[in-house]
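Student:
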Amino acid sequence: MNRRNFLRLAGGGVILAAGGTALFTATRTPHKALAPWGQAGTYSDPRMSALSFAILAPNPHNRQPWIVSLEDKDALTLYFDTDKQLPHTDPLDRQLTIGLGCFLELMRMAAAANGYLVETTLFPEGSDTAGLDGRPIAHVRFKEADTMVGPLWAHVLDRRSNKEPFDTARPIASTALQRILGFARSATLGGTINAGDIAAWRKLTSDAMRIEVETPRT
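Just so we're aligned: 103 in the numbering used here is position 69 of the sequence shown, and the numbers increase by one with no gaps anywhere.
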């Protein structure tokens, strides 16, 4: 079972990813063992249902740096798994923090699609600018509500990392770039179609990738 397909809960238990599948070789089909896969994304507990989508979140090096504790009947706390740190490639845990944010956003989207609003308190016990630690990342409470489902929700299970080669000679229309930049809401988003800028960014990212690949500890 790919570790991306399940989430271990603090205190025991497992949540399976929505849309998950398992590959196996056996002389007899283990129907009982495979039954939970057909239930993934359909948990009666709205927290577990939302979490089965959240664990599909993109995260650096596919570290899956999350631990969740279910609390009361309507709440949960998200923790960072300190065993998943990347001290050489992500010394300040910036990438890992972004991954945890993606986890929370997918959980929010899934909850909204199921008729629940999530009230999220970030870093309820404080944080350290030097990096993440064992303190909670977020405390979340679920409440039934009239929710608005965003247009991206329909595409959650379609998301993937595109490993296909890009046609670098193909020009991008300025109108297409502006449309993409227009989706930014609470963050600054930039882009360029200037050939000189593109060449500089291409060299920077290529050099960074080469250094990471050629450095054993990363």
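Cβ coordinates follow ideal geometry from the N, Cα and C atoms, glycine included.
Are the stretch 221 to 228 and the stretch 205 to 213 touching, with three or more C-beta to C-beta distances below 8 Å?
Tutor: yes
Student: Do the CB positions of residue 81 and residue 110 come within less than 8 Å of each other?
Tutor: yes
Student: With burial defined as no fewer than 16 other Cβ atoms inside 10 Å of the residue's Cβ, what is the status of residue 72: buried or exposed?
Tutor: Confidence at residue 72 is low in this model, with a pLDDT of 49, below 50, so the placement of that residue is unreliable and no value is reported for it.
Student: Are the CB atoms of residue 112 and residue 199 nearer to each other than 8 Å?
Tutor: no
Student: Can you tell me whether residue 243 is buried or exposed? The criterion is at least 16 other CB atoms within 10 Å of its CB, across all chains shown.
Tutor: Classification of residue 243: exposed, given that the 10 Å Cβ count is below 16.
Student: Within 10 angstroms of the Cβ of residue 128, are there 16 or more other Cβ atoms? Answer buried if so, exposed if not.
Tutor: Exposure of residue 128 is indicated by the presence of fewer than 16 other C-beta atoms within 10 angstroms of its C-beta.
Student: Who are the Cβ neighbours of residue 156 in its own chain at under 8 Å, not counting the five residues just before and after it?
Tutor: 171, 172, listed in sequence order.
Student: Who pairs with residue 177 in a beta bridge, going by DSSP?
Tutor: 151
Student: Run through the DSSP bridge pairs and tell me what residue 165 is partnered with.
Tutor: 162
Student: Would you kindly work out how many angstroms separate the C-alpha atoms of residue 121 and residue 186, rounded to a whole number?
Tutor: 33 Å
Student: Taking its Cβ as the centre, do 16 or more other Cβ atoms sit within 10 Å of residue 59, making it buried, or is it exposed?
Tutor: Per-residue confidence for residue 59 stands at a pLDDT of 37, beneath the threshold of 50, marking its modelled position as unreliable; the derived number appears in the next sentence. Residue 59 should be labelled exposed.
Student: Cα-Cα, which of 252, 96, 116 is closest to residue 194?
Tutor: Among 252, 96, 116, the Cα nearest to that of residue 194 belongs to 96.
Student: Please classify residue 92 as buried or exposed, where buried requires at least 16 neighbouring CB atoms within 10 angstroms.
Tutor: So residue 92 counts as exposed.
Student: Nearest to residue 179 by CA position, among 98, 117, 151, 214, is which residue?
Tutor: 151
Student: Which residue spans inside the stretch 103 to 158 form an unbroken alpha helix (DSSP H) run of at least 4?
Tutor: 128 to 147
Student: Taking the beta strand (DSSP E) that residue 50 belongs to, which residues open and close that run?
Tutor: 48 to 50
Student: Tell me residue 43's beta-bridge partners as DSSP assigns them.
Tutor: 102
Student: Between the C-alpha atoms of residue 138 and residue 217, what's the straight-line distance to the nearest angstrom?
Tutor: 19 Å
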